[in-house]
Amino acid sequence: MDLEEAKEFKERCSQCAAVSWGLTDEGKYYCTSCHNVTEKSKEVINSSVIPNTKINTINRGLRKKRKHEKGWDWYVCEGFQYILYHQAEALKNLGVGSELKDEVLHSFWKRYLQKSKQAYCKNPVNTSGRKTKVLKDNLHCSDWASEPELLSGGDTDFALESGAEFQSDAQIPKDFPITKASQSGAASVCSGSLDGVEYSLRKEKGIVKMTVPRTLAFCYLSLLWQRETITLSDLLRFVEEDHIPYINAFERFPEEMKLYGRDKGIFAVESWPDYEEIYKNMIEVATFLDLPRFPEITEDCYLHPNILCMKYLMEVNLPDEMHGLTCQVVKMTGIGEVDFLTFDPIAKMKKTVKYDVQAVAVIVVVLKLLFLLDDNLEWSYSDLAETYNEEHKEDKPQFGFRKWYQVMKKTFDEKKQKWEEARAKYSWKSGKPLYHSHIDKSVAYKRREMVVNLQKQFSALVDSTPVVEKKGPSSFQFNWTEEDINRPCFHEHTLQGLLVKKGQSLKTKNSLYWLSTQKFCKSYCKHVTTYEESNFSLSYQFILNIFSFLLRIKTSILHEEVSLIEKKLFKKKYSESKKNSSRSKKIRRH
């Protein structure tokens, strides 16, 4: 608003005693010297003086139209917040509690803005490099439901449900305003945002720069804090299925938020989110924010390996009886302990757990314990199971690896083919054209309109069948029922022929085991172990391929996790191999 309109207000500022006032968009007076906002507001007779504040936007800062209809003045962080807001809304629609959006994610984002010195600090970064006006949203709310506000007023000391508090800077005023550009032409001609060019070039040491993939890291941190029933692989799959905005998420920006030039490199994503990348970003963000120890992962939590193992056993159509064996492996390796599972970003020896990958790795280890997976023993056991089932048709059927392999391979191949076709057909072009500058806007829109018309005409000529509607989200990718003759369900099959009773306990009939990794890389190596398919049996490769597809991860990641589980389970074997290798070195020296 114009400073001229605030000249009639002559009171001294309660903070700095200056008499220099401006008006916010809501008609309230703010001090241009110390940015203090008063509760007093200017009387308005004509409603046109104050613009409508009920606009579904990121904040209620400067909303003055630029010349040539360039749109609002906005910063890059506002764009990321808008994406976070819609991702949180999507998670809420998937059944996640509203606390995730209104409390946890909101608090994490506020903390990020403070740590990155963009807001909630004494001297926020002046991203535009020009003289700025300060406007204030005086809403004291943590609820994003009504509007995706950029920042809410109020104290920055906040606590989450676990009782852990984040300590804010003591110098931070309780009502610190949002800075906004003063001139309508303040934005760079090379970007729609005020700081698009500067942001793309900024490389400040110690600051975690916000990116679109890191929005998913924020979402996963919030899900982990709330201990929701969504793993990281589930989150990425929901993104892939378009249930959570990610690709072309900028299309959800308001029309007034013009996006062009350097903004394209910041907000346009041209690849699917990668599990390892998002996981790494999650740890970086949590460390940067100095987040306290997360709520404990106990046995009744969805992320506990015992529960996740049951989920994935059902997913890949394996017998329910295997769950008892997976629980034993979890207990023997200690990976079910609370301290091992609970994420603590600020701990000196912080441990990070890939909950879904770990659970799947436990199942792979159990399959190796039962069948060895050497392309020999599993087929011999299958012959015995088929013979028994033929002779005892009235009894509970024994689980046979061969029959399960045939059913799973057919189902897996069909599912993977559909997935590959869907990816190949995916259109990366956004419905909201991106252009280098506002001058090129008309050309970009005309080209986009022509492309859309051509696509419609081509689709009408090639295929007139209606477009299949998007399927609803599901925790399971495979569904197994007893009624389906072509795809039999193995959940009720018994492991009787694979276990031997010894005293009061049951032991696996197979007494052999081969280690997935004979020797681990040294500590300074970037990876724990290597995986080359040619070195392993076809059965083992098939198992890894199925689970890797389910989690949308690389096969080598799962193989690495299997090796880590084995290292915990067979400590003696690894210590013996280490001794033998050191002895052989000594013999060679002599």
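Residue numbers (the working numbering): 790 to 1379.
Idealized CB from N, CA, C, for every residue including glycine.
Residue i in three-state terms, based on DSSP
i, result
"S989", "helix"
"L1353", "helix"
"K843", "Caution is warranted here: a pLDDT of 37 is assigned to K843, below 50, making its placement in the model unreliable, and the coordinate value is therefore given only provisionally. Reduced to three states, the DSSP call for K843 is coil."
"T827", "strand"
"N1095", "helix"
"T1283", "strand"
"L812", "strand"
"K899", "helix"
"Q1187", "strand"
"K817", "strand"
"E800", "coil"
"Y864", "coil"
"N1106", "coil"
"S1345", "helix"
"E1126", "coil"
"F1056", "helix"
"R1016", "coil"
"Y871", "helix"
"R1212", "helix"
"L1021", "helix"
"T1004", "helix"
"G1113", "helix"
"F1132", "coil"
"K911", "coil"
"W1061", "coil"
Buried versus exposed call for residue i [16 or more other C-beta atoms within 10 Å across all chains shown]
i, result
"N1106", "buried"
"C757", "No statement about residue 757 is possible, as the shown extent of the chain runs from 790 to 1379 and does not include it."
"S1216", "exposed"
"E1180", "exposed"
"Q870", "buried"
"T1122", "buried"
"G1292", "exposed"
"I1274", "exposed"
"V808", "exposed"
"G1189", "buried"
"R801", "exposed"
"R1212", "exposed"
"L1010", "buried"
"G884", "exposed"
"R991", "exposed"
8 Å contact criterion, which residue i and residue j should meet: CB distance rounded
i, j, result
"I1346", "E1065", "7 Å"
"P1094", "I1124", "6 Å"
"K1028", "P1002", "What sits at residue 1028 in the sequence shown is Val, not Lys. Not quite, the Cβ-Cβ distance comes to about 10 Å (not below 8 Å), so this is no contact."
"P1108", "H1280", "6 Å"
"F1083", "W1014", "6 Å"
"K890", "K881", "6 Å"
"V914", "F1007", "Wrong, their Cβ atoms sit about 20 Å apart, outside the cutoff."
"E1085", "T1131", "5 Å"
"Y1091", "R1016", "7 Å"
"S1326", "L1162", "6 Å"
"L983", "D862", "6 Å"
"E1167", "S1328", "6 Å"
"F1338", "F1160", "Contact flag wrong, Cβ pair sits at about 20 Å."
Sequence-distant residues of its chain with Cβ nearer than 7 Å to residue i (five each side left out)
i, result
"S1305", "H1348, V1351, S1352 and E1355"
"V1146", "L1340, I1342, I1346, L1347 and E1350"
"F1077", "K904 and V997"
"Q876", "T1004, C1008, I1033 and P1034"
"I1055", "V865, G985, Y988 and S989"
"N1037", "S1219"
"Y1101", "A1148, V1149 and I1152"
"K1157", "Y1302"
"R1191", "W1168 and S1171"
Interface flag, residue i vs chain C, CB-CB below 9 Å
i, result
"S1337", "Checking the listed chains, one finds no chain C in this structure; it contains a single protein chain."
In DSSP terms, what residue i is bridged to
i, result
"K1296", "V1289"
"N1178", "Paired residues: none, contrary to the question."
"Y1101", "In the DSSP output, where bridge partners are listed per residue, Y1101 has none listed."
"Y1035", "N1037"
"S743", "Only positions 790 to 1379 of the chain appear in this structure, which leaves residue 743 out of reach."
Contacts around residue i, its chain only, beta-carbon distance under 6 Å, and the 5 residues preceding and following it disregarded
i, result
"Y988", "V865"
"P1186", "N1178 and H1282"
"F1039", "L1048 and F1056"
"S980", "V986, G1050, R1051 and D1052"
"K1357", "T1122"
Other residues of its chain near residue i: CB distance less than 8 Å, five sequence neighbours each side excluded
i, result
"Y1320", "T1344, S1345, H1348 and E1349"
"L1288", "L1295, K1296, T1297 and K1298"
"V1155", "M1111, L1114, T1115 and V1118"
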